[in-house]
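Input: a single structure, listed below in structure tokens.
Protein chains: 2
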Amino acid sequence: MIFKSQGSSIKKSNSISSNKLKDIYDLDSYEFTQKNTGEIFVCSKRKELDLIELDQLLQTVGWSRRPIRRVKRALDFSILVVGLWRHDEKFPRLIGFARCTGDGILEATVWDVAVNPVYQGLGLGKELMKYILKELKKIGILKVTLFADAEVVTFYKRQGWILEPRGSKCAFWYAN
Amino acid sequence: MIFKSQGSSIKKSNSISSNKLKDIYDLDSYEFTQKNTGEIFVCSKRKELDLIELDQLLQTVGWSRRPIRRVKRALDFSILVVGLWRHDEKFPRLIGFARCTGDGILEATVWDVAVNPVYQGLGLGKELMKYILKELKKIGILKVTLFADAEVVTFYKRQGWILEPRGSKCAFWYAN
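Heads up: the sequence lines are chains A and B, in that order. Each residue of the first sequence is one higher than the last, beginning at 1 in our numbering. Each residue of the second sequence is one higher than the last, beginning at 1001 in our numbering.
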């Protein structure tokens, strides 16, 4: 996934009434408005995801498909699962996603950060990450880690992530 | 933690009867014997850890202390916690440790790999990692990740870990 723009053309907004926001997206949801078009986007850690829709989203960013059954289990055992929705009162559409694994206290690792290419460049990826860090802070996590693909290293660096602290390297092991 | 030796002076052994091994270290435990001294070491994912002893072990490798309460919670929410013991029928001593977080199906991340410096250079760190990968494979995990400190990058490389696949970088974020 490539976040094309450094700037942001979205801002936090309150266009949806708090009752309606809670009804559709549940508690702890945050909305943003695109300055030019007035389109509304919402981050939510509670609104349930449709796994088919998630699979389609991940395909738009070019990721290989994973069996739905395995994805379901992975989400069930994640400590935080966040959807980014293009708001619609009847049919909110999933246009972004991220999740974290971890022990919920000392370590949290961010995985599968994705924003539908159609909506990249607006600053939504940045808001999604801010939302995740805020929610992790709420549960007392002081350090968050992730493995950044080569294309998004700059994206994370700009947001204050430290790359390879003290010469650390990421290491992957694949089963045969 | 620095694993000093490339070689190994330990080998898999069967010095402890399987009943006794199970009694002391529970199921899925593996023992190793040091070729020169006959000392026996056991990897176990089930034998309960004394948190004070674990804290002392982590101090021997120079890690900053963490509140025991937080460590307990972190272990409770880890998907795999492994102790490496110097065998003694009455008082096995914890001389190595590692744990994994993850969703238990798609992602597993290894943390806190430590071997008491007195026992480094025998190949125990390598056996500890082999044990972890074997146990993760058992539950169907096909990809394992870790953040390798600069000093141990070579250690992991030698064991077949891929460093920074496709230019990936590890990124850390610290709460203020």
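Positions of the beta carbon are idealized from the N, C-alpha and C atoms, including for glycine. Quick caveat, the model's predicted, so the values are computed rather than measured.
Legend entry - For G1104/B and V1115/B, the rounded distance between their alpha carbons: 25 Å
Inset, instruction - State yes or no: is the beta carbon of M1/A nearer than 8 Å to at least one beta carbon in chain B? - result: Low confidence applies to M1/A: its pLDDT is 48, below 50, so where it sits in the model is not reliable, and the reading given next is rough at best. For M1/A, the answer is no, since every Cβ of chain B falls outside 8 Å of its Cβ.
Legend entry - As assigned by DSSP and simplified to three states, the class of K178/A: Outside the displayed span of chain A (1 to 176) sits residue 178/A, for which this structure offers no information.
Inset, instruction - Would you kindly report the start and end of the unbroken beta strand (DSSP E) that includes S18/A? - result: Element bounds for S18/A: not the beta strand (DSSP E) but the alpha helix (DSSP H), S18 to Y25.
Inset, instruction - Helix, strand or coil for R1073/B, going by three-state DSSP, please let me know. - result: Helix.
Inset, instruction - Check whether the Cβ atoms of T180/A and G1102/B sit closer than 8 Å, and answer yes or no. - result: Outside the modelled stretch of chain A, which goes from 1 to 176, sits residue 180/A, for which no answer is possible.
Inset, instruction - Flag this pair as touching only if the region 1016-1028 of chain B and the region 1046-1055 of chain B have three or more C-beta atom pairs under 8 Å; answer yes or no. - result: yes
Legend entry - Beta-carbon proximity list for L1106/B, same chain, < 8 Å, skipping 5 on both sides: Counting only Cβ-Cβ distances below 8 Å, and skipping sequence neighbours, we find I1141 and K1143.
Inset, instruction - Determine the direct distance from the alpha carbon of K1138/B to that of D1149/B, and round the result to whole angstroms. - result: 27 Å
Inset, instruction - Flag this pair as touching only if the region 54-73 of chain A and the region 31-42 of chain A have three or more C-beta atom pairs under 8 Å; answer yes or no. - result: no
Legend entry - Partner residues on chain B for Y30/A, Cβ-Cβ distance less than 7 Å: Correct list: empty, because the minimum Cβ distance to chain B is about 19 Å.
Inset, instruction - Quick one: which residues of the region 150-173 of chain A get their C-beta closer than 7 Å to a C-beta of chain B? List them in chain order. - result: A150, V153, Y156, G160, W161, I162, L163, E164, P165, R166, G167, S168, K169, C170, A171, F172 and W173
Inset, instruction - Please check if any C-beta of chain B sits within less than 8 Å of the C-beta of G102/A. - result: yes
Inset, instruction - With DSSP collapsed to three states, give me the class of D1112/B. - result: Reduced to three states, the DSSP call for D1112/B is strand.
Legend entry - Given 8 Å, three or more beta-carbon pairs between the region 1159-1175 of chain B and the region 1010-1017 of chain B: no
Legend entry - Strand pairing of G102/A, partner residues [DSSP]: A108/A
Inset, instruction - List the residues of chain B whose Cβ lies closer than 9 Å to the Cβ of K45/A, in chain order. - result: Neighbours of K45/A in chain B, taken as residues at a C-beta separation under 9 Å, are lacking, since the least C-beta distance is about 16 Å.
Inset, instruction - Measure from the alpha carbon of Y1156/B to the alpha carbon of each residue in G1125/B, V1118/B, N1019/B and A1074/B, then state which is nearest. - result: G1125/B
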